[in-house]
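S.K.: Sending over a structure as structure tokens; questions will come in a sec.
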Amino acid sequence: MQSSRSLQSLVLLTVVALAAVECASRCCRANDLAALYGARISVPAKMRPEQAAAVDDLVVYLSRMTGEKFTTTEEDAAVGILLRRADSEGVPKQARALVAGKSRESFGIWPEGKSRLWIVSPGDLGLAHGVYAYLEAIGCRWYFPSEQWTIVPSRDDVRITQSITAQPAFRSRLFFGTGGFGGKLPLDPERTLEARWMDWQRRNRFGGEFRVSGHTGEAFNLAYRKQLEAHPEWRAMIDGERVPWSITAKFCAGNKEVVALYVEDRLKSYRRARELDPEGPRSWAVSVEPADGGGHCTAPESLALGSVSDRVFHVANEVARALRKEFPDGQVSLFAYNEHAAPPSVALEPNVYVQVIPYAFQRTGMSPDQLLDAWSRKVSRMGVYDYWSIPDWSHDLPTLDPLGFGPERLRGWHRRGVDSFLCESTFSSGAMGFAWYAGARLAWSPDTDVDALFEEFTSDCFGPAAPPMRRMLRRWSDGFYLNSHELALCYRDVDEAWRHAHDDPAIAARVADFGRYVEYLRRRFDYLQTRPGTDERRAAAQRLMHYLWSIYDSSMIHAFRHSQLLARDEKARGNAELGDAFDWRDAEAPGWSEIHKATDAEIRRLVSAGVKEIQPLDFTSRRFGGKLVRALPDAPLSRVPESETPRFWLNNTLNVDVLAQHDGDVFRPRIAVEKSVRLILTNAGGNTIRESQVETGEDWREQWSQLEFKLPKAGVYHLQINSQKRPFRFAPSGELPLSMPGWSNSQGAPTPRLYFYVPATTKKLAIYANYTAAGPPRFFDPQGVEVQPELADGGGLILLDVPQAMRGAVWSLDRAKCPLGPLTMLNAPASFAFSPETLLVPEEALNE
Numbered sequence: 000m001q002s003s004r005s006l007q008s009l010v011l012l013t014v015v016a017l018a019a020v021e022c023a024s025r026c027c028r029a030n031d032l033a034a035l036y037g038a039r040i041s042v043p044a045k046m047r048p049e050q051a052a053a054v055d056d057l058v059v060y061l062s063r064m065t066g067e068k069f070t071t072t073e074e075d076a077a078v079g080i081l082l083r084r085a086d087s088e089g090v091p092k093q094a095r096a097l098v099a100g101k102s103r104e105s106f107g108i109w110p111e112g113k114s115r116l117w118i119v120s121p122g123d124l125g126l127a128h129g130v131y132a133y134l135e136a137i138g139c140r141w142y143f144p145s146e147q148w149t150i151v152p153s154r155d156d157v158r159i160t161q162s163i164t165a166q167p168a169f170r171s172r173l174f175f176g177t178g179g180f181g182g183k184l185p186l187d188p189e190r191t192l193e194a195r196w197m198d199w200q201r202r203n204r205f206g207g208e209f210r211v212s213g214h215t216g217e218a219f220n221l222a223y224r225k226q227l228e229a230h231p232e233w234r235a236m237i238d239g240e241r242v243p244w245s246i247t248a249k250f251c252a253g254n255k256e257v258v259a260l261y262v263e264d265r266l267k268s269y270r271r272a273r274e275l276d277p278e279g280p281r282s283w284a285v286s287v288e289p290a291d292g293g294g295h296c297t298a299p300e301s302l303a304l305g306s307v308s309d310r311v312f313h314v315a316n317e318v319a320r321a322l323r324k325e326f327p328d329g330q331v332s333l334f335a336y337n338e339h340a341a342p343p344s345v346a347l348e349p350n351v352y353v354q355v356i357p358y359a360f361q362r363t364g365m366s367p368d369q370l371l372d373a374w375s376r377k378v379s380r381m382g383v384y385d386y387w388s389i390p391d392w393s394h395d396l397p398t399l400d401p402l403g404f405g406p407e408r409l410r411g412w413h414r415r416g417v418d419s420f421l422c423e424s425t426f427s428s429g430a431m432g433f434a435w436y437a438g439a440r441l442a443w444s445p446d447t448d449v450d451a452l453f454e455e456f457t458s459d460c461f462g463p464a465a466p467p468m469r470r471m472l473r474r475w476s477d478g479f480y481l482n483s484h485e486l487a488l489c490y491r492d493v494d495e496a497w498r499h500a501h502d503d504p505a506i507a508a509r510v511a512d513f514g515r516y517v518e519y520l521r522r523r524f525d526y527l528q529t530r531p532g533t534d535e536r537r538a539a540a541q542r543l544m545h546y547l548w549s550i551y552d553s554s555m556i557h558a559f560r561h562s563q564l565l566a567r568d569e570k571a572r573g574n575a576e577l578g579d580a581f582d583w584r585d586a587e588a589p590g591w592s593e594i595h596k597a598t599d600a601e602i603r604r605l606v607s608a609g610v611k612e613i614q615p616l617d618f619t620s621r622r623f624g625g626k627l628v629r630a631l632p633d634a635p636l637s638r639v640p641e642s643e644t645p646r647f648w649l650n651n652t653l654n655v656d657v658l659a660q661h662d663g664d665v666f667r668p669r670i671a672v673e674k675s676v677r678l679i680l681t682n683a684g685g686n687t688i689r690e691s692q693v694e695t696g697e698d699w700r701e702q703w704s705q706l707e708f709k710l711p712k713a714g715v716y717h718l719q720i721n722s723q724k725r726p727f728r729f730a731p732s733g734e735l736p737l738s739m740p741g742w743s744n745s746q747g748a749p750t751p752r753l754y755f756y757v758p759a760t761t762k763k764l765a766i767y768a769n770y771t772a773a774g775p776p777r778f779f780d781p782q783g784v785e786v787q788p789e790l791a792d793g794g795g796l797i798l799l800d801v802p803q804a805m806r807g808a809v810w811s812l813d814r815a816k817c818p819l820g821p822l823t824m825l826n827a828p829a830s831f832a833f834s835p836e837t838l839l840v841p842e843e844a845l846n847e
């Protein structure tokens, strides 16, 4: 009996203990869930695709962070994360106040005590942005568009205590890679890489309230071909003849019938967009941009409208007026581009939105900044279309500076009132991944500290391997030139980073991706070292093509576009087989069976081989800053007789820095040009002092135009001659110190002697020169004795030993014809003058 009682007592105690444990577990569980907002997300019943995708991400990433399964509900929750439009019933006034009076993309994140978090916005797009801003606030990062470049920290508390609110500085923020993704590729039939890039852009808050479309003249020509062929008077007149129908032909802007047809076509297009998605970015405006290229009408009725810009914007105004009658908030959009880049003389309708293309394909004679300034005086708002490292030009080399150029350009646009940008770029994480990651943040907040962002990026992604990766990426930011010395340094940086990864698989995987990118740089370099049309070139092209597709999935290279360019270039040289073997439209093309995905282990072996096979040279690249000062401050200056004045030919923009040593100094160069060129003189603060145009006329090869610029205050001035690819001659007078920042010349005439400064610590001078068949320049030491350089990389890398006695002195060169790019000083100031006495150099170079 006693034993039975003891057993009952034991059972009772056990039950009590288990109940206590269960109670404690429930209590602990409740506390855990409180720190996770109850693992519940309350969402609107109807959501746009962008918002629905953001909610899916919110569920996924919060669940990964915490190990707790988050769920969504359409009901209000006493505990949870609540996503609501600001005008929804039940939104607290404190949350609503965060976005009051702000744009549709603005968002507010407001913690209501410790149990609820409100994410509110005036529009659905803003709610999606708010979701990602909240995830960023608790540690998520999407650095590159792949899983291994996504940072998802572990957390047992996802609450925030401070409210957050933001709206973008640019109402539309878009970029795309030239050539796109190619659709369903043999190696990617599900288009997964494209989806990853689109997800990455959404998570980094690209997009915007609106998206403007490009050329529409081609679609109009196709849709109304019969009518255009039946009415020759509708088609553009060139040289007195109506042009035949073609997909890119222009219509006659002075013909009221065809303009009316175009107006109705644009109205139909806008109606369709509004019916499909009234609040969508594509419903904001309808494009009225003509077909690409030139060929604008010169019929009398068109010429009566004025300049090409006047004619194009006349049509835009016609559409804008008709659109506004039916849709008071409707907009029309077009580019300021090519022959219609300049502002028109006619007033623009208030609903005409202009996207300026100032940095290429414009023949206004104005500098990019001047063209933007001219448009800012014409319209109250505008967008910009720009080219950031497109593969067709830069071949996915890391040539765009993400720490300097990118931030400066975006901030400059913001200061000028630009409210949208569309950049043609590349889908290459290696070339532009961090640049666009930083660009996304600058597009919302132009004062973002990009250096701090870079430090966070390298710390998050590389941990103990960050120092060598920072070193490599900062070196690229300072100026990248593809040569064997740079490749040797890159291989060593990646190899060192790998050794510091300490067997962390996530860090090692990211280092491996940059190993893939560096190996691409080598394959590109090896290809360029071969002579076109030779068996060596064909073999190098084959190796490069194989490699591009073997790393396709990494996103480090825009492989699809490069395969197109490589196949095109090889076909032009008789090697059509390469493109046939890798025909991206044919899954049965023989090349695809040869491709296998490059593994991390294979990449590590290639990096190790690169370290052994390519040795760095005996120099260190350097950049020099500080104000411009005379290299030889005590040397006397005097006006050079006209017969002895150095003169040269150019057909590209020339930049000259001039030092006024006294108030009122006069700069008197001469120029000779057949057709008009624009000259712009600015002071050290960038303010325009004088603007003029010069045209010497038909006798420009024998005659000169004398220029005279009065420099009001002592200091440095900058003269820019915008030639718009028109050849011209230039001759400085020699009476004031000057320098040219960099040197580029594609004309056949020999250039005059150019003088440059070699710093006192430079033991071996290094110069990069893409001169092709023109041959290397000649070099002369400070005594004028010719010095034979050492040529590496087929001559593209030029090295000169600098004896101790000749350091900290002025050297010279001539015959500097560099048609494919500027002559680049790798460890000396990039400043050239026409005499030692006039040479200006950055002060930092003299203080060694």
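Residue numbers are given in numbering that gives the first Met the number 0: position 472 of the sequence shown equals residue 471, and the series is strictly consecutive.
Even glycine gets a Cβ: it sits at the ideal position worked out from N, Cα and C.
1) Whole angstroms are fine: how far does the CA of Leu32 sit from the CA of Cys26?
2) Is the stretch 749-765 touching the stretch 636-647, taking contact as three or more C-beta pairs under 8 Å?
3) What does a CB cutoff of less than 7 Å around Pro531 pick up in its chain, not counting 5 residues either side in sequence?
4) Could you give the C-beta distance for Pro445 and Leu409, rounded to a whole number, given that I count them as a contact under 8 Å?
5) Under a three-way DSSP split, which group does Tyr336 fall into?
6) Given this structure, state the Cα-to-Cα distance separating Phe426 from Gly663, to the nearest angstrom.
7) Is Glu847 helix, strand or coil by DSSP?
8) Let me confirm a value: Cys22 is counted as buried when at least 16 other C-beta atoms fall within 10 Å, else exposed. Which label applies?
9) Just to check, is the beta-carbon of Gly279 closer than 8 Å to a non-hydrogen atom of the ligand ZN?
10) Run through DSSP, which three-state label would Gln361 get?
11) State the beta-bridge partners of Gly79 as determined by DSSP.
12) If the criterion is Cβ atoms closer than 9 Å, does the pair Thr70 and Val58 meet it?
13) Which residue comes first and which comes last in the alpha helix (DSSP H) that contains Pro610?
14) Using alpha carbons as the reference points, say which of Tyr261, Ala359, Ala671, Ile506 lies closest to Asp385.
15) Assuming Glu843 and Phe581 are in contact, meaning their beta carbons sit under 8 Å apart, how far apart are those beta carbons, in whole angstroms?
16) Hey, is the stretch 775-782 in contact with the stretch 716-727, meaning 3+ C-beta pairs nearer than 8 Å?
17) Please name the residue or residues paired with Lys763 in a DSSP beta bridge.
18) Could you tell me which residues DSSP pairs with Arg172 in its beta bridges?
19) Would you identify the three-state DSSP class for Val90, choosing helix, strand or coil?
20) When DSSP builds the beta bridges, which residues end up paired with Glu485?
21) Under a CB-based cut-off of 9 Å, is Arg604 close to chain D?
22) Is Ser120 buried or exposed, if buried means 16 or more other CB atoms sit within 10 Å of its CB?
23) For Cys817, list the residues DSSP reports as bridge partners.
24) Is the CB-CB distance between Val211 and Ala34 below 9 Å?
25) Could you tell me whether the Cβ atoms of Val786 and Leu799 are closer together than 9 Å?
26) According to the Cβ coordinates, are Asn203 and Trp148 closer than 9 Å?
27) At 4 residues or longer, what runs of the alpha helix (DSSP H) sit wholly inside the stretch 246-302?
28) Which class does Trp591 belong to by DSSP, given the choice of helix, strand or coil?
29) Among Ser393, Pro367, Met431, Ala437, which one has its Cα closest to the Cα of Trp412?
30) So, helix, strand or coil for Thr652, using DSSP?
31) Would you mind working out which of Arg474, Ala464, Arg621 sits nearest Ala507, comparing C-alpha positions?
32) Taking Pro280 as the reference, which of Ser332, Leu710, Ala76, Ala248 has the closest Cα?
33) Going by the DSSP bridge assignment, what does Leu658 pair with across the sheet?
34) May I ask you to report which of helix, strand or coil DSSP gives Thr425?
35) Run the CB neighbour count on Asn863, radius 10 Å, all protein chains shown included, and call it buried at 16 or more, exposed below.
36) Would you check if there are 3 or more beta carbon pairs closer than 8 Å linking the stretch 103-117 to the stretch 397-407?
M.R.: Taking the geometry as given:
1) Numbered from 1 along the sequence shown, position 27 holds the residue referred to as residue 26. Numbered from 1 along the sequence shown, position 33 holds the residue referred to as residue 32. Because Cys26 sits at a pLDDT of 41, beneath the cut-off of 50, its placement in the model cannot be relied upon, and the point is left open.
2) yes
3) Here residue 531 is taken as the residue at index 532 of the sequence shown, counted from 1. Only Arg572 meet the Cβ criterion.
4) Counting from 1 along the sequence shown, the entry for residue 445 is found at position 446. Counting from 1 along the sequence shown, the entry for residue 409 is found at position 410. Right, their Cβ atoms sit about 6 Å apart.
5) Taking the sequence shown and counting its residues from 1, the one referred to as residue 336 is at position 337. It is coil, neither helix nor strand.
6) Counted from its first residue, the sequence shown places residue 426 at position 427. Counted from its first residue, the sequence shown places residue 663 at position 664. Rounded to whole angstroms, Phe426 to Gly663 spans 51 Å at the Cα level.
7) Position 848 of the sequence shown holds residue 847. Of the three classes helix, strand and coil, the one that applies to Glu847 here is coil, per DSSP.
8) Taking the sequence shown and counting its residues from 1, the one referred to as residue 22 is at position 23. Residue placement at Cys22 is poorly supported in this model, since its pLDDT is 41, which falls under 50; the coordinates are not used for a value here.
9) Judged by which ligands are present, the structure shown has none, so any question about the ligand ZN falls away.
10) The residue given as residue 361 occupies position 362 in the sequence shown. Gln361 falls in the strand class under three-state DSSP.
11) For the purposes of this step, residue 79 is taken as the residue at position 80 of the sequence shown. Gly79 is bridged to Arg115.
12) Mapped onto the sequence shown, residue 70 falls at position 71. Mapped onto the sequence shown, residue 58 falls at position 59. Yes; because the gap between Cβ atoms is below 9 Å, this pair is in contact.
13) Taking the sequence shown and counting its residues from 1, one reaches residue 610 at position 611. In the sequence on display, residue 610 carries Val and not Pro. Note, Val610: alpha helix (DSSP H), 599-612.
14) Within the sequence shown, the letter at position 386 stands for residue 385. Of the candidates Tyr261, Ala359, Ala671, Ile506, the one whose C-alpha sits nearest the C-alpha of Asp385 is Ala359.
15) If you number the sequence shown from 1, residue 843 lands on position 844. If you number the sequence shown from 1, residue 581 lands on position 582. About 49 Å separates the two Cβ atoms, so there is no contact after all.
16) no
17) Taking the first residue of the sequence shown as 1, we reach residue 763 at position 764. Answer is Asp800.
18) Taking the first residue of the sequence shown as 1, we reach residue 172 at position 173. Answer by DSSP bridge pairing, in chain order: Gly206, Phe420.
19) Counting from 1 along the sequence shown, the entry for residue 90 is found at position 91. Three-state result, Val90: coil.
20) Residue mapping note: residue 485 aligns to position 486 of the sequence shown, counting from 1. Partner(s): none; Glu485 has no beta bridge.
21) Among the protein chains of the structure shown there is no chain D, as only one such chain exists.
22) Position 121 of the sequence shown, counting from 1, holds the residue named residue 120. Per the 10 Å Cβ criterion, buried.
23) The residue you call residue 817 lines up with position 818 of the sequence shown. Answer is Asn744.
24) Start at 1 with the first residue of the sequence shown, and residue 211 comes out as number 212. Start at 1 with the first residue of the sequence shown, and residue 34 comes out as number 35. Their beta carbons are not under 9 Å apart, which means Val211 does not touch Ala34 by this criterion.
25) Indexing the sequence shown from 1 puts residue 786 at position 787. Indexing the sequence shown from 1 puts residue 799 at position 800. Yes.
26) Working through the sequence shown from its first residue, we reach residue 203 at position 204. Working through the sequence shown from its first residue, we reach residue 148 at position 149. Taking 9 Å as the Cβ cut-off, Asn203 and Trp148 do not qualify as a contacting pair.
27) 255-275, 299-302
28) Counting from 1 along the sequence shown, the entry for residue 591 is found at position 592. Trp591: helix per DSSP, three-state reduction.
29) Numbered from its first residue, the sequence shown carries residue 412 at position 413. The option with the nearest alpha carbon to Trp412 is Pro367.
30) Taking the first residue of the sequence shown as 1, we reach residue 652 at position 653. Thr652: coil per DSSP, three-state reduction.
31) In the sequence shown, residue 507 corresponds to position 508, counting from 1. It is Ala464 whose Cα lies nearest to the Cα of Ala507.
32) The residue labelled residue 280 in the question sits at position 281 within the sequence shown. Out of Ser332, Leu710, Ala76, Ala248, Ser332 has the C-alpha closest to the C-alpha of Pro280.
33) Here residue 658 corresponds to residue number 659 of the sequence shown, with the count starting at 1. Paired residue(s): Val715.
34) Translated into positions along the sequence shown, residue 425 becomes position 426. Coil.
35) Residue 863 falls outside the range modelled here, since the chain spans only 0 to 847, and no answer is possible.
36) no
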